[in-house]
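Q:
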Amino acid sequence: MWLIPLSKAEAEKIIHKAYNAALEHAKKSGARVEPLMPRHLYGEEHEKYGYSLALGRITPRLPEASVIVIWGMYNYDEYFDYVRFVEGGRTVEWFVEPVAYYPEKTGVWIDEPLVFHAGFYIETHTTSGEQRDRVYGWPLGFAAVPRQPPAPARPVRGRRARERRAAAEESGEGETGEKK
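Per my numbering, residue 2 is the first one in the sequence shown, and the count goes up by one each step.
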C-alpha cells in the first residue's frame with residue numbers, strides 16, 4: 002500500500018489498471034463501467050450513508066454478473082482502522098490510517114487492484130468508543146454492472162402442463178376441463 006500524492010504518475014497507472022480490469026469484465030458480460038458509488042454498495046439505502054461506510058458488515062446488493070474493482074481507500078475518519086473484504090474463502094484485510102495525518106495526500110492505493118464478484122461482503126471496524134453507525138471512508142474503484150438485470154431462469158419444459166394437470170386433479174376436473 003502506498004499514499005497517493007495528487008501529482009504522481011503511479012497513481013494514474015494503478016487507476017488505469019483498475020479501470021482496464023473493470024472494462025475487460027464489462028466487455029465479456031455486456032456491462033457498463035461506473036465509478037464506485039453508494040448505490041453499488043447499499044442499493045436502495047444509498048441515501049442513508051452516502052460516501053461513508055456503515056459499521057459492521059455490508060453486503061452489496063449487486064446483480065449477479067457484477068464486478069467491483071477496488072484500487073484504493075480514502076479515509077477521513079481518525080477512528081477508522083481497518084476494512085475487510087470477504088469473497089468465498091478469500092479474505093483481504095486492509096489497515097488504514099486517516100489521511101488527515103498526511104495533508105498532501107488523498108488516499109491509499111495498492112499495486113494490484115482487488116476484484117470482487119457479486120456475493121462478496123465488507124466488514125468495517127472503528128476504534129471509537131462512541132456510538133456510531135458509520136466510518137468516514139470510502140473504497141476507490143469501479144463497478145462493472147450489467148446494462149440490464151439477467152433474465153430470469155426459464156421454467157423446465159413441460160412444467161406448465163404438469164402444473165395444469167395437478168391443478169385439474171385437485172379440483173376434480175379432467176384434462177379438458179370437464180367435471181368427472
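No residue lacks a Cβ here, since even glycine has one placed at the ideal position from N, Cα and C.
1) Is Gly51 helix, strand or coil when you go by DSSP?
2) In the structure shown, what three-state DSSP assignment does Leu141 receive?
3) Taking buried to mean at least 16 other C-beta atoms within 10 Å of its own C-beta, is Phe96 buried or exposed?
4) For Glu115, which three-state DSSP category applies?
5) What is the rounded straight-line gap between the Cα of Pro36 and the Cα of Pro147?
6) Using only the alpha-carbon positions, how far apart do Met74 and Glu164 sit?
7) In the DSSP assignment, find the unbroken beta strand (DSSP E) run with Ala32 in it and report its ends.
8) Write down the C-beta distance between Tyr122 and Thr60 rounded to the nearest angstrom, noting that I regard them as a contact closer than 8 Å.
9) Under a three-way DSSP split, which group does Gly44 fall into?
10) Mind checking if Val93 is an interface residue toward chain D, Cβ cutoff 8 Å exclusive?
A: Looking at the coordinates:
1) coil
2) strand
3) exposed
4) A small fix is needed here, since residue 115 is Leu in this sequence, not Glu. DSSP places Leu115 in strand when its eight states are reduced to three.
5) 14 Å
6) 52 Å
7) 32-36
8) 5 Å
9) helix
10) The chain inventory of the structure shown lacks chain D, comprising one protein chain alone.
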